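Engineer: Under my numbering, the sequence shown has 265 at position 262, and the numbering climbs by one with no breaks.
By construction, the Cβ of each residue, glycine as well, lies at the ideal position given by its N, Cα and C atoms.
Remember, predicted model here, so these are calculated numbers, not experimental data.
Okay, handing you the structure first.
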Amino acid sequence: MDVAVVGLGRMGRALAARLAGQGHRLTVWNRSPGAAEAVAAEHGAAVAPDLAGAWAPGRAVITFLADDAAVEAVCLGPDGLIPAAPDGGLLIEMSTISAAASARVAQAARAAGVRYLRAPVSGNAGVLTAGQLGIMVSGARADYDAAHDLLLAIGPKVFHLGDGEQARVMKLALNAMLGGTTQLLAETIALGEASGLDRADMLDVINGSAMASPFVGYKTQALVERDYTPTFSTQLLGKDITLALEAADAVDVPLPVAAAVLDATRDACARGLGDLDFLALLPRLQALAGRRPDVPVDGGER
């Protein structure tokens with residue numbers, strides 16, 4: 004299939020590599036052109052000269068961008084994707100953004116005759132590369148059916164959740180749950196180690212218990228090795244929980260646990276942990292307990 008990938012950060016680069024590896028005809032565009040040229044050279048892709056050039060007859064355009072502002076600039080700007088799109092063009096937007104920003108893109112897409120799918124994902128760049136990504140999709144069922152084979156080429160777990168902003172809310176709720184799970188895991192480890200338990204032993208018990216999960220399983224090695232190389236940063240987790248709380252406010256649903264975890268992520272960022280993996284909620288807690296943290300923490304025990 005003829006596909007354009009717009010936005011070549013960590014996730015966009017992994018997406019481009021996966022699509023190229025499966026034989027799709029690939030076009031790329033990035034706001035910093037050097038990234039597009041590097042991806043094109045590595046994977047034999049074409050570089051679109053501008054956003055209008057991302058479109059071609061029958062080509063799907065997939066965007067993977069940083070935040071609301073980036074998505075609105077790329078999709079809605081005067082030289083953006085939607086103003087330049089052909090009638091019936093298929094835009095698949097995979098970024099993690101607010102439901103409100105996504106709705107503004109949807110409104111513009113409808114007015115321009117563009118088919119628009121919200122398709123945020125569950126998983127990091129490594130999960131995408133391995134072909135294990137989960138994709139939450141909402142938009143018209145006919146558009147989802149048209150894109151289904153392409154989405155399956157990206158990740159095997161594809162869920163159609165409705166025709167509006169349901170995929171956005173699902174993704175934000177999932178990341179709020181991720182934050183809560185990580186905070187509880189940090190509390191469990193901090194309590195156990197302060198009481199004389201070995202971390203590897205604790206994780207063996209957790210992974211063999213009713214509390215085992217794929218998440219704990221794939222984070223076990225990093226926790227044992229005290230490796231905070233970011234797969235998803237503490238700062239980005241805080242951003243997503245903020246968006247989840249905004250979505251909850253819009254429908255008058257209180258999220259007290261998510262609010263508490265947001266406070267923890269903000270404190271972790273203030274202590275210099277924002278660019279580390281979101282597992283950095285653990286060294287933040289270790290510092291608060293007056294114990295030696297796994298990594299240096301501003302204002303904490305060293």
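Quick one: what's got a C-beta closer than 6 Å to P286's C-beta in the same chain, skipping five residues either side?
Structural biologist: Along the sequence shown, one-based indexing puts residue 286 at 283. Taken in chain order, the residues that qualify are P296, D297, V298 and V300.
Engineer: So for I244, helix, strand or coil by DSSP?
Structural biologist: Here residue 244 is taken as the residue at index 241 of the sequence shown, counted from 1. Looking at I244 - three-state DSSP - the assignment turns out to be helix.
Engineer: Considering only their Cβ atoms, is the gap separating L93 from D166 smaller than 8 Å?
Structural biologist: The count along the sequence shown starts at 1 and reaches residue 166 at position 163. The count along the sequence shown starts at 1 and reaches residue 93 at position 90. It is not a contact, given that the beta carbons lie outside the stated cut-off.
Engineer: Write down the C-beta distance between L131 and R21 rounded to the nearest angstrom, noting that I regard them as a contact closer than 8 Å.
Structural biologist: On the sequence shown, residue 131 is found 128 positions in, with the first residue counted as 1. On the sequence shown, residue 21 is found 18 positions in, with the first residue counted as 1. Contact holds; Cβ gap of about 6 Å.
Engineer: Spatial neighbours of V42 within its chain, please: CB distance less than 7 Å, with the 5 preceding and 5 following residues excluded, ordered by chain position.
Structural biologist: On the sequence shown, position 39 is the one that residue 42 refers to. For V42, where only same-chain residues beyond five positions count, the Cβ hits under 7 Å are L11, R16, A19, V31 and A48.
Engineer: Considering just the uninterrupted stretch of the beta strand (DSSP E) at L120, what are its terminal residues?
Structural biologist: Along the sequence shown, one-based indexing puts residue 120 at 117. From DSSP, the beta strand (DSSP E) with L120 extends over R118 to R121.
Engineer: Return helix, strand or coil for R16, following the three-state DSSP convention.
Structural biologist: As a position in the sequence shown, residue 16 is number 13, starting the count at 1. Three-state DSSP puts R16 in a helix.
Engineer: What are the partner residues of F162, as DSSP defines its beta bridges?
Structural biologist: Stepping through the sequence shown from its first residue, residue 162 is reached at position 159. Answer is M139.
Engineer: Is the beta carbon of A102 less than 8 Å from the beta carbon of V172?
Structural biologist: Working through the sequence shown from its first residue, we reach residue 102 at position 99. Working through the sequence shown from its first residue, we reach residue 172 at position 169. The answer is yes: Cβ separation under 8 Å.
Engineer: Should A271 and T237 be called a contact, given that it needs their Cβ atoms to be closer than 8 Å?
Structural biologist: What you label residue 271 is simply residue 268 of the sequence shown in a count that begins at 1. What you label residue 237 is simply residue 234 of the sequence shown in a count that begins at 1. Result yes, Cβ atoms of A271 and T237 sit closer than 8 Å.
Engineer: From D252 to P36, what does the alpha carbon distance come to, in whole angstroms?
Structural biologist: For the purposes of this step, residue 252 is identified with residue 249 of the sequence shown, where counting begins at 1. For the purposes of this step, residue 36 is identified with residue 33 of the sequence shown, where counting begins at 1. Near 38 Å, if we compare the C-alpha coordinates of P36 and D252.
Engineer: Just to confirm the assignment, what range does the alpha helix (DSSP H) spanning A7 have?
Structural biologist: Position 4 of the sequence shown holds residue 7. Careful: A7 lies outside any alpha helix (DSSP H), inside the beta strand (DSSP E) at D5 to V9.
Engineer: Can you check whether the CB of I157 is closer than 8 Å to the CB of V117?
Structural biologist: Position 114 of the sequence shown, counted from the start, is the residue given in the question as residue 117. Position 154 of the sequence shown, counted from the start, is the residue given in the question as residue 157. No, the pair does not count as a contact, with Cβ atoms beyond the cut-off.
Engineer: Helix, strand or coil: how does DSSP classify S98 here?
Structural biologist: Along the sequence shown, one-based indexing puts residue 98 at 95. Of the three classes helix, strand and coil, the one that applies to S98 here is coil, per DSSP.
Engineer: So, at 8 Å on beta carbons, what are the nonlocal neighbours of T191 in its own chain, with the 5 sequence-adjacent residues on each side left out?
Structural biologist: Along the sequence shown, one-based indexing puts residue 191 at 188. Hits under 8 Å: M205 and I209.
Engineer: Is the Cβ-Cβ distance between S141 and L164 less than 8 Å?
Structural biologist: Position 138 of the sequence shown, counted from the first residue, corresponds to residue 141. Position 161 of the sequence shown, counted from the first residue, corresponds to residue 164. Taking 8 Å as the Cβ cut-off, S141 and L164 qualify as a contacting pair.
Engineer: From L153 to L136, what distance separates their C-alpha atoms?
Structural biologist: The sequence position of residue 153 within the sequence shown is 150, counting from 1. The sequence position of residue 136 within the sequence shown is 133, counting from 1. About 13 Å.
Engineer: In angstroms with no decimal places, state the Cα-to-Cα distance between A308 and L54.
Structural biologist: Within the shown structure, residues of the chain are numbered from 4 to 305, placing residue 308 beyond reach of any answer.
Engineer: Under 8 Å by Cβ, that's how I've got A114 and I138 pegged, so tell me the actual separation to the nearest angstrom.
Structural biologist: Reading the sequence shown from its first residue, position 111 is the one you call residue 114. Reading the sequence shown from its first residue, position 135 is the one you call residue 138. 26 Å between Cβ atoms; not a contact.
Engineer: What does the Cβ neighbour count give for M97, buried or exposed, with the cut at 16 atoms within 10 Å?
Structural biologist: For this step, residue 97 is matched to residue 94 along the sequence shown. Under this definition M97 is a buried residue.
Engineer: Classify D70 as helix, strand or coil using the three-state DSSP reduction.
Structural biologist: Position 67 of the sequence shown, counted from the first residue, corresponds to residue 70. Here D70 sits in coil by DSSP.
Engineer: Go ahead and label A7 buried or exposed: buried means 16 or more other beta carbons lie within 10 angstroms of its beta carbon, across all protein chains shown.
Structural biologist: Within the sequence shown, residue 7 is the residue found at index 4, counting from 1. Buried, since its Cβ has 16 or more Cβ neighbours within 10 Å.
Engineer: Alpha carbon to alpha carbon, what distance is there between A261 and Q224?
Structural biologist: Stepping through the sequence shown from its first residue, residue 224 is reached at position 221. Stepping through the sequence shown from its first residue, residue 261 is reached at position 258. If I take the Cα positions, the gap works out to 26 Å.
Engineer: With DSSP as the reference, label G302 as helix, strand or coil.
Structural biologist: Position 299 of the sequence shown, counted from the first residue, corresponds to residue 302. Three-state result, G302: coil.
Engineer: Could you tell me how far apart the beta carbons of I95 and V9 are, in whole angstroms, since I believe they sit closer than 8 Å?
Structural biologist: Position 92 of the sequence shown holds residue 95. Position 6 of the sequence shown holds residue 9. At roughly 10 Å, the Cβ-Cβ gap does not stay under 8 Å, so I95 and V9 are not in contact.
Engineer: At the level of alpha carbons, what is the spacing between V124 and G134?
Structural biologist: In the sequence shown, the residue the question calls residue 124 occupies position 121. In the sequence shown, the residue the question calls residue 134 occupies position 131. Distance between the alpha carbons of V124 and G134: 12 Å.
Engineer: Do W58 and A104 have their C-beta atoms closer together than 8 Å?
Structural biologist: Looking up residue 58 in the sequence shown gives position 55. Looking up residue 104 in the sequence shown gives position 101. No, the pair does not count as a contact, with Cβ atoms beyond the cut-off.
Engineer: In this structure, how does DSSP classify S125 when only helix, strand and coil are distinguished?
Structural biologist: By one-based count along the sequence shown, residue 125 stands at place 122. Three-state DSSP puts S125 in a strand.
Engineer: Could you give the first and the last residue of the continuous alpha helix (DSSP H) run that contains V31?
Structural biologist: Counting from one through the sequence shown, the residue named residue 31 turns up at place 28. That residue, V31, is in no alpha helix (DSSP H); its beta strand (DSSP E) goes R28 to W32.
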